[in-house]
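Read through the structure below, which is laid out as structure tokens, and then see the notes.
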Amino acid sequence: MVKKRLIPCLDVRDGRTVKGVQFEGLRDAGDPVALAARYAREGADELVFLDITATNQRRKPLTELVREVARVLDIPFTVGGGIGTVADVEALLLSGADKVSINSAALARPAFVADLARRFGSQCIVVAVDARRVADEWQVMTRAGTVPTGREAVAWCREAAGLGAGELLLTSMSHDGTKSGFALDLTRAVSDAVPVPVIASGGAGQPADFTDVFLAGGADAALAASIFHFNETAIPTLKAYLHAAGIPMRQ
Amino acid sequence: MEIAVVDYRGGNVQSVLFALERLGASATLTADPETLRKADKVLFPGEGEAASAMDALRMAGLDVVLPTLTQPFLGICLGMQLLGQHSEENDTTMLGLLPFNVQRFVPDASHKVPHMGWNNLQALTGPLFAGLTDADHVYFVHSYYAPVGEYTTAQAAHPAPFSAAVQRGNFHGVQFHTEKSGAVGTRILANFLSL
Numbered sequence: 010m011v012k013k014r015l016i017p018c019l020d021v022r023d024g025r026t027v028k029g030v031q032f033e034g035l036r037d038a039g040d041p042v043a044l045a046a047r048y049a050r051e052g053a054d055e056l057v058f059l060d061i062t063a064t065n066q067r068r069k070p071l072t073e074l075v076r077e078v079a080r081v082l083d084i085p086f087t088v089g090g091g092i093g094t095v096a097d098v099e100a101l102l103l104s105g106a107d108k109v110s111i112n113s114a115a116l117a118r119p120a121f122v123a124d125l126a127r128r129f130g131s132q133c134i135v136v137a138v139d140a141r142r143v144a145d146e147w148q149v150m151t152r153a154g155t156v157p158t159g160r161e162a163v164a165w166c167r168e169a170a171g172l173g174a175g176e177l178l179l180t181s182m183s184h185d186g187t188k189s190g191f192a193l194d195l196t197r198a199v200s201d202a203v204p205v206p207v208i209a210s211g212g213a214g215q216p217a218d219f220t221d222v223f224l225a226g227g228a229d230a231a232l233a234a235s236i237f238h239f240n241e242t243a244i245p246t247l248k249a250y251l252h253a254a255g256i257p258m259r260q
Numbered sequence: 003m004e005i006a007v008v009d010y011r012g013g014n015v016q017s018v019l020f021a022l023e024r025l026g027a028s029a030t031l032t033a034d035p036e037t038l039r040k041a042d043k044v045l046f047p048g049e050g051e052a053a054s055a056m057d058a059l060r061m062a063g064l065d066v067v068l069p070t071l072t073q074p075f076l077g078i079c080l081g082m083q084l085l086g087q088h089s090e091e092n093d094t095t096m097l098g099l100l101p102f103n104v105q106r107f108v109p110d111a112s113h114k115v116p117h118m119g120w121n122n123l124q125a126l127t128g129p130l131f132a133g134l135t136d137a138d139h140v141y142f143v144h145s146y147y148a149p150v151g152e153y154t155t156a157q158a159a160h161p162a163p164f165s166a167a168v169q170r171g172n173f174h175g176v177q178f179h180t181e182k183s184g185a186v187g188t189r190i191l192a193n194f195l196s197l
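Here the protein sequences come in this chain order: A and B. Under this note's numbering, the first sequence has 246 at position 237, and the numbering climbs by one with no breaks. Under this note's numbering, the second sequence has 149 at position 147, and the numbering climbs by one with no breaks.
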């Protein structure tokens, strides 16, 4: 059977890995290529690189960094941040990225997702959704979480999967960096609504948070940053814990 | 050793080239029939959609060249599926080197499509899997699959068993990504290079 995945996320700004709380207050977390190699050695199932300044400053994604990472990495990795054209996607895939993550451009032009899926295949098109809880509703945010879109998260996820996204990267901005656990209700609602795999993101703090997001949340993969970057939880320890809790993991 | 990687502007070839580089092997990315015929090994990575991949192969004349190759040949992912007869993906006629028809997975509540992630291999046979066991995991990402048949050299399940690897004569295919399957994938790639 296919196993649940643990995915360290490397938020990259100006060539360094950084990490903030609810998208702000960034701390330096090291060289992304060295971190990527370390995570692969430790048993990470996949990696995600997000160029977190790209959309707002309209800088091109870092194809050179992608090449350096692809050269050393023997596990799959996804690259996101500021991707807005077919040429952007082609350049990243040709540099060695396995998947690309589209966020603001998908919201601005949903047909872009369909176009990418047709050209490159759904298997390499991830739609990233940043959601924020407002009263009883999960609102989709755009432009690195700075602008509300007026869309409801589950409906947008269903639409994105229908357009050809092969996977969804679902981040709760309300939980991001808080280490208080994942947004289980949101993850479960999206996972039940779409036929494609869902990566849950935002809020990982304790090993039990991962058990919850796989069992209660129904996530196919869980993404985290701080707990891995700052050596709070080692990947092999976390995998052994999850395996003992009855969750199928690759060890 | 001369290794040729088939260039038909369809797949993510860079990952395969880097994986070969990590093994200390140098490879040539080529669509030239003579270079392909002379190579000691041929790798055929594939990603994307079946019909456009077959169109690209025909445009390059490779639909005629590839079936005539006699050295060890490894199709990866869509590159494996293209070795079959037919695919449900846009009703596509494939190269016809192996007797299987490619079908689409049907998702259910606990089995998402694409089948994406690490899955363990079962019922391993043949030289590609020397040194590996049923406990070993490899990385898959695909929505279509080849059923199990007499050509199957490894299986995986999602939830029913399907062909994780196939072989007929010199033509080998793996549904998973050897180049992205960590140490296990590296071993399989090294096993292929030593055929």
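Each residue gets a CB set at the ideal place from its N, CA and C atoms; glycine is no exception.
7 Å CB neighbourhood of A:Gly214 in its chain, flanking five on each side removed: Lys188, Ser189, Gly190, Ile236
Within the 8 Å Cβ cut-off, does A:Pro157 reach chain B? no
Assumed close pair A:Val21, A:Leu59 - CB separation to whole angstroms, cut-off 8 Å: 7 Å
Given 7 Å as the limit, tell me if A:His184 has its C-beta closer than that to any heavy atom belonging to the ligand COA. Questions concerning the ligand COA fall outside what the structure shown contains, since it holds no ligand whatsoever.
B:Met96 to A:Leu103 span [Cα, whole Å]: 25 Å
May I ask you to list the residues that DSSP assigns as paired with A:Met258? A:Lys13
Starting from the Cα of B:Gly50, find the closest Cα among A:Leu125, A:Arg76, A:Ala120 and give me that residue. A:Leu125
I'd like to know whether the C-beta of B:Gly187 is nearer than 8 Å to at least one C-beta of chain A. yes
In chain order, what residues of the same chain have a beta carbon less than 7 Å from the beta carbon of A:Thr220, not counting five sequence neighbours either side? Leu251, Ala254, Ile256
With a threshold of 6 Å on Cβ separation, who are the neighbours of A:Arg67 within its own chain once the five nearest residues in sequence on each side are excluded? For A:Arg67, the pLDDT reaches just 47, beneath the cut-off of 50, and the residue's location in the model is therefore unreliable, leaving the point undetermined.
Determine which residues share a DSSP beta bridge with B:His179 and list them. None; B:His179 has no bridge partner.
For B:Asp42, would you say it is in contact with chain A, using Cβ-to-Cβ distances shorter than 8 Å as the test? Not one chain A Cβ lies under 8 Å of B:Asp42.
Alpha-carbon to alpha-carbon, B:Phe173 and B:Val44: 10 Å
Between which two residues does the alpha helix (DSSP H) carrying A:Val98 extend? 95-104
For the beta strand (DSSP E) that contains A:Asp201, what are its first and last residues? Counting along the chain, A:Asp201 falls outside any beta strand (DSSP E), though it belongs to the alpha helix (DSSP H) covering 193-202.
Could you check where the beta strand (DSSP E) with B:Thr37 kicks off and where it finishes? Element bounds for B:Thr37: not the beta strand (DSSP E) but the alpha helix (DSSP H), 35-40.
CB contact below 8 Å: A:Ser110 versus chain B: Nearest CB-CB separation between A:Ser110 and chain B: not below the 8 Å threshold.
Taking 8 Å as the CB-CB limit, is A:Arg67 close to chain B? For A:Arg67, the predicted model reports a pLDDT of 47, less than 50, meaning its position is unreliable; a value from the coordinates is still stated below. For A:Arg67, no Cβ of chain B is located within less than 8 Å of the residue's own Cβ.
Between B:Trp120 and A:Val11, is the Cβ-Cβ spacing less than 8 Å? yes
Should A:Glu176 go down as buried or exposed, given a rule of 16 or more other Cβ atoms within 10 Å for buried? buried
Straight-line Cα distance separating B:Gln83 from A:Phe121: When rounded, the distance between both Cα atoms is 27 Å.
What's the C-alpha gap between A:Gly105 and B:Leu191? 18 Å
So B:Ala148 packs on B:Val104, CB below 8 Å; how close in whole Å? With a Cβ gap of about 6 Å, B:Ala148 and B:Val104 count as contacting.
Have a look at A:Thr180 and A:Val138 and give me their C-alpha separation to the nearest angstrom. 6 Å
Give me the chain A residues within the contact set of B:Val143, using Cβ-Cβ distance strictly less than 7 Å, ordered along the chain. For B:Val143, the chain A residues whose C-beta falls within less than 7 Å of its own C-beta are Gln132, listed in chain order.
By the criterion of Cβ-Cβ separation under 9 Å, what are the contact partners of A:Arg167 in chain B? Ordered by position in chain B, no residue passes the 9 Å Cβ test against A:Arg167, which lies about 14 Å from the chain.
Give the residues of chain B in contact with A:Arg14, contact being defined as C-beta atoms less than 9 Å apart. Those within 9 Å of A:Arg14 in chain B are Met118, Gly119, Trp120.
Contact set between A:Val205 and chain B, taken where Cβ atoms lie within less than 9 Å: Pro109, Lys114, Val115, Pro116, Met118
Any residues in the segment 166-181 of chain B with a beta carbon nearer than 8 Å to a beta carbon of chain A? Which ones, in chain order? The residues in question are His179, Glu181.
Test: B:Ser89 CB closer than 8 Å to a CB of chain A: no
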